[in-house]
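Numbers in the numbering used here are just positions in the sequence shown, counted from 1, shifted up by 10.
I have placed the structure first, in the form of structure tokens, so that the comments after it can refer back to it.
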Amino acid sequence: MSKKELGKDEKIKKEIRRLKKIYADLDGKKREVAEGLINEAAFMKATLEELKELIDQNGPIDEMPQGEYSILREHPAVKTYNTMIQRYSTVMKQLADLLPKEDKKVEEDDGFEAFVMERD
11 MSKKELGKDE KIKKEIRRLK KIYADLDGKK REVAEGLINE AAFMKATLEE
61 LKELIDQNGP IDEMPQGEYS ILREHPAVKT YNTMIQRYST VMKQLADLLP
111 KEDKKVEEDD GFEAFVMERD
């Protein structure tokens, strides 16, 4: 492992720190909910990276011996990756929903768009 390459535990801790900064302003129950989701999200992200490396190294298809012949099948890491990426997406959506909603600024109509449309 090179100096720059982090182990799984270090990747998890780094992701936890990153996410905690984003959710630092939450208070009360939201913060408690976020803590659990952050820990799970960090673990899943590090695991997904490992699974991607496995798939990159071995390919998405695996040859499985069956007595005198062998069959091709989906590599087990692909199935795990596909399941986990869905769950990771769900956890990240739950985290995103905990953030306060940003007020969308209503842009004042300066007439430019109408001017351009009239020219066509």
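Glycine included, each C-beta is placed from N, C-alpha and C at the ideal position.
Note that the structure is predicted; figures quoted are calculated from it, not measured.
Between M54 and Y98, the CB-CB gap stays under 7 Å. In the structure shown, the three-state DSSP call for E15 is coil.
Just measuring C-alpha positions, the residue of K39, K21 and L64 sitting nearest A52 is K21. If you draw a straight line from the Cα of D72 to the Cα of E63, it comes to about 15 Å. Looking at Y79, E59, L58 and H85, the one whose alpha-carbon comes closest to that of P70 is H85. Burial state of I81 is exposed, judged by a 10 Å Cβ sphere holding fewer than 16 other Cβ atoms. Taking each of L36, G77, M94 and R28 in turn and checking the Cα distance to E60, the smallest one comes out for M94.
In this structure, L29 places its C-beta atom within 7 Å of the C-beta atom of I48. Of the candidates L109, A106 and E50, E50 places its Cα closest to the Cα of D19.
Under the three-state reduction of DSSP, E73 is assigned to strand.
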